[in-house]
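Asks: So our numbering is basically just the index in the first sequence, starting at one, shifted up by 940.
Every residue, glycine too, gets a C-beta built ideally from N, C-alpha and C.
Bear in mind the structure is a predicted one, so any value in this text is a computation, not a measurement.
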Amino acid sequence: MSNLNNENVPAPAVAPSDFIRDIVAAHVAENRYPRIHTRFPPEPNGYLHIGHAKSICLNFGIAREFGGICNLRMDDTNPTKEDIEYVDSIQADVNWLIGDWAEDRLGLKPLGKTPETKLVNEKPDFQMAPIFGTSEVERKNSDAKFEPFYASDYFDQIYEYAVALIKKGKAFVCDMTPDQTDEYRRTGKASPFRDRSVEENLDLFTRMKNGEFQDGSRVLRAKISVDAPNIWLRDPLLYRIKHAEHHHTGAKWCIYPMYDFAHCLSDYIEGITHSICTLEFEVHRPLYDWILENLDLPRPLPHQYEFARLALGYTVMSKRKLMQLVDENLVTGWDDPRMPTISGIRRRGVTAAALRAFAYNIGITKYNGLTDVSVLEFAIREDLNKRALRRLAVLRPLKVVITNYPEGQVEEVKATNNPEAPETGWRKVPFSRELFIEQDDFQETPPPKFFRLKPGGEVRLKYAYIIKCEEIIKNAAGNIIELRCTADLESKMGGATAGRKIKGTIHWVSAQHAVDAEVRLYDRLFTVPEPDADGDFKTHLNPHSLEVITAKCEPAMLEAVPSERYQFERLAYFALDLDAKPGKLVFNRTITLKDAWAKEAQKK
RNA sequence: UGCCCGAUGGUGUAACGGUAGCACAGCAGACUCUGAAUCUGUUUGUCUAGGUUCAAAUCCUAGUCGGGCAACCA
């Protein structure tokens, strides 16, 4: 797969510039940190999607451009929603996306390693340093095993920090019900438990940890303010009780830290310098800072920066909605090629390089826009045009008999593998008396400007002869089932009349040599640009988002491999699907070629 | 409703007080043994109103519109 990432595809000419990179560049210029350190912290509660790809490209891109590191971290503080399946898929997707590009910037840790306690400026400090700078291949060949970081690996340390806040009188155990807590926070009233003694808080928090209390009966809250304008500063929750097994820590804990408490501390423990997240966390930033600033931490503190998440036309992006599509079998799985998930996009045949180019092209801002799918489609086509091997295949066959071509004769014509990459050479394609052409390439009563095959008209068969349609044969129902044509037998490449100017050139396959392939034609999943703008997004599902047909391919397709990309000439780009087996070709249509004729024909 | 954030062609972005540029999309043309690719040309824009300044997309004030947050989710 590695050759798919860079070969033949130019890197973006200039490194992108945006407000976050500007900030990082300024910090580098003033030597604020010994090294730039970002992180990509997904919660393992679903598969990664193209919005995450934007974040991955940002965080790893910065690490790459500024000589830094980007940690992969599972933000796993809620055991009831998370699962090991997602941990595995996240790793696979990240490795695929950054492979050959920022792989050497990926921060991982030795398997099973937990934070070390060190003395910094005479203060105890928890640290979790990454290993990095090894490629995936090197890691696989090494005896040592590596894994991503897990917020759950810091539960001991985060607990210690909670105790420290309690001891400073900056956190308290609250016994109100969830509803009461909501009510009090909304109205700016102080919890009746706010002024418990340090001793009582310590005792209660220990007993929370020891499992003496029911879920929901008590929480640990920071003591910041009862009526701050920013709700997140109104004595926010730090810990809640959940008697649940955790996919990574097992049954060790029955209290789990909230996102706000765990995230900033995880960043600190890992030595993150720039904690980049999406806009909805903007209002959490004061809390992020408050926690870190109230703990007497000896090392430089990380800072949070926010950017706008990706919204893409004709799809949905929330994990909840994507999971609904999966659970209700509206798609075949998280990696269904119609899904905006990284695994779906990959299965569809899009390369990592194309996805990265897309991420670069859309930029990073704080403006919540809706990116047109054409931007994604352009990145995919541009990438595939340069790398895809050209092949002849007919999706909807129409039989053609060349009446002046000898029965039983077979010849092989030379066909270019990829005009964009001449070094890929050429192959032989068999030609014979009976062929298949595309049904769309013939019209009995053609509209104006139709320069394909028509009665009495001529067209060039790509790499072969110019043919003329002499006769149409129909069945009893009146449908065209066969065309009788004559060929200009001197018009093949190098022939006497090869230079004749014929407006149309069409693709074909020799009937007796054609191989069948299952072809899955995908279209957008939804019929409207913003499926979740109103009501139920599922009412906007495109009923024609998948069509499965059997295509007739030139015999070279028998040698198709998953790592390659193919262009069925004049039609679309295709990639071999996971479901393909020896003797059973299955192709996914990644994306169609641009079709100027379809546009022209629509103008009527 | 409170708090926070944002607003540049159809879409996504750049311009960091000094010529509003790029990409996608669109349109027109050239070329073409892929109606692809490539090449050329081109339509379209600074939310509004005040202010500061020789000069404002940029700074200030107000408004308008849009988004986010107000989970014992992240």
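(1) Closest to F1376 by CA distance: which of L1335, R1136 and D1275 is it?
(2) If you run the structure through DSSP and keep just helix, strand and coil, what is V973?
(3) With distance defined between alpha-carbon atoms, name the residue in R1373, S1372 and N1358 nearest to W1366.
(4) Return helix, strand or coil for R1330, following the three-state DSSP convention.
(5) For D1065, I'd like the list of residues in its chain whose CB is within less than 6 angstroms of its CB, leaving aside the five on either flank, ordered along the chain.
(6) Would you say Q1507 and R1330 are within 8 angstroms of each other, going by their C-beta atoms?
(7) From V1455 to V1501, what does the alpha carbon distance come to, in whole angstroms?
(8) Mind checking who D1456 pairs with in its DSSP beta bridge?
(9) What are the complete beta strand (DSSP E) segments, minimum 3 residues, inside the segment 1033–1111?
(10) Rounding to the nearest angstrom, what Cα-Cα distance links N985 and A1191 in this structure?
(11) Label F959 either buried or exposed according to how many other C-beta atoms from any shown protein chain fall within 10 Å of its C-beta, with 16 as the threshold for buried.
(12) Straight-line CA distance for G1007 to P1240?
(13) Strictly by DSSP, which residues pair up with H1243?
(14) What I want to know is whether the C-beta of K1182 ends up closer than 7 angstroms to one or more non-hydrogen atoms of the ligand COA.
(15) Per DSSP, what kind of secondary structure is Y1405 in: helix, strand or coil?
(16) For R1529, which of E1494, S1485, A1168 and A1541 has the nearest alpha-carbon?
(17) Under a Cβ-count criterion, where at least 16 other Cβ atoms within 10 Å of its own Cβ denotes burial, should D1143 be classed as buried or exposed?
(18) Quick test of the definition: if touching needs 3 or more C-beta pairs under 8 angstroms, does the segment 1212–1229 touch the segment 1043–1053?
(19) Should I990 and P1280 be called a contact, given that it needs their Cβ atoms to be closer than 8 angstroms?
(20) Just how far apart, CA to CA, sit T1467 and Y1124?
(21) So if DSSP puts K1524 in a beta bridge, which residue, or which two residues, is it bridged to?
(22) If you draw a straight line from the alpha carbon of F1000 to that of D1028, how long is it in whole angstroms?
(23) Report, in whole angstroms, the separation of the C-beta atoms of R1158 and V1113, which I expect to be a contact under 8 angstroms.
(24) Looking at the unbroken beta strand (DSSP E) that takes in D1428, where does it start and where does it end?
(25) Can L1178 and L1205 be called in contact, C-beta distance under 8 angstroms?
(26) According to the neighbour-count rule (16 or more other Cβ atoms, all chains shown, within 10 Å of its Cβ), is E1352 buried or exposed?
(27) Assuming R1136 is part of the beta strand (DSSP E), what are its boundary residues?
(28) On the CB-based measure, 16 or more other CB atoms within 10 Å of its CB, does D1276 come out buried or exposed?
(29) Where A1168 and I1231 are concerned, what is the direct C-alpha to C-alpha distance, given to the nearest angstrom?
(30) How long is the line joining the alpha carbons of L1270 and K1259, rounded to whole angstroms?
(31) At a cut of 8 angstroms, does the segment 1389–1398 reach the segment 1440–1456 through at least three beta carbon pairs?
(32) Within 10 angstroms of its Cβ, does P974 collect 16 or more other Cβ (buried), or is it exposed?
(33) Under DSSP, the beta strand (DSSP E) around P1483 begins and ends at which residues?
(34) What does the Cβ neighbour count give for S1503, buried or exposed, with the cut at 16 atoms within 10 Å?
(35) Given G1151, which residues of its chain have a CB within under 8 angstroms of its CB, disregarding the five upstream and five downstream residues?
(36) Please give me, in chain order, every unbroken run of the beta strand (DSSP E) with length at least 3 that falls completely inside the segment 979–1037.
Replies: Let's see:
(1) Looking from the CA of F1376, the closest CA among L1335, R1136 and D1275 belongs to L1335.
(2) As written in the sequence, residue 973 is Tyr, which differs from the Val given in the question. If DSSP states are grouped into helix, strand and coil, Y973 belongs with coil.
(3) Nearest in C-alpha terms to W1366, of all of R1373, S1372 and N1358, is N1358.
(4) In the structure shown, R1330 sits in a strand (DSSP, three-state: E or B).
(5) Around D1065: K1058 and P1238.
(6) Yes, these two residues count as a Cβ contact at 8 angstroms.
(7) C-alpha of V1455 to C-alpha of V1501: approximately 15 angstroms in a straight line.
(8) For D1456, the pairing in a beta bridge is given by DSSP as K1492.
(9) Segments of the beta strand (DSSP E) lying fully in the segment 1033–1111: 1056–1060 and 1063–1067.
(10) If I take the Cα positions, the gap works out to 19 angstroms.
(11) Exposed: under 16 other Cβ atoms inside 10 Å.
(12) Answer to the nearest angstrom: the Cα atoms are 19 angstroms apart.
(13) Answer is H1214, bridged to H1243.
(14) This structure simply doesn't include the ligand COA, nor any ligand for that matter.
(15) When secondary structure is reduced to three states using DSSP, Y1405 falls in the coil class, being assigned neither helix nor strand.
(16) The candidate whose alpha carbon is nearest that of R1529 is S1485.
(17) By the 16-neighbour rule on beta-carbons within 10 angstroms, D1143 is exposed.
(18) In short, these stretches do not touch, since the Cβ pair count stays below three.
(19) In this structure, I990 sits near P1280, with a CB-CB distance shorter than 8 angstroms.
(20) Looking at the two C-alpha atoms, the distance is approximately 44 angstroms.
(21) Note: K1524 sits in a beta bridge opposite K1521.
(22) A direct Cα-to-Cα measurement between F1000 and D1028 gives close to 19 angstroms.
(23) Indeed, because the Cβ distance is near 6 angstroms, the residues count as touching under 8 angstroms.
(24) For D1428, the uninterrupted beta strand (DSSP E) segment begins and ends at I1420 to D1428.
(25) Note that the C-beta distance between L1178 and L1205 is not below 8 angstroms.
(26) Counting Cβ neighbours within 10 Å, E1352 comes out exposed, since fewer than 16 surround it.
(27) Here R1136 belongs to no beta strand (DSSP E), and DSSP marks it neither H nor E.
(28) Label assigned to D1276: buried.
(29) Rounded to whole angstroms, A1168 and I1231 show a C-alpha spacing of 16 angstroms.
(30) Taking C-alpha positions only, L1270 is separated from K1259 by approximately 15 angstroms.
(31) Yes, the segment 1389–1398 is in contact with the segment 1440–1456.
(32) Counting the other CB atoms within 10 Å of its CB gives P974 a total below 16, which places it among the exposed residues.
(33) That residue, P1483, is in no beta strand (DSSP E); it is neither H nor E in DSSP.
(34) That one is exposed.
(35) Close CB contacts of G1151 within its chain, under the 8 angstroms cut and outside five residues either way in sequence, are with H1183 and C1194 (chain order).
(36) You should have 1009–1014.
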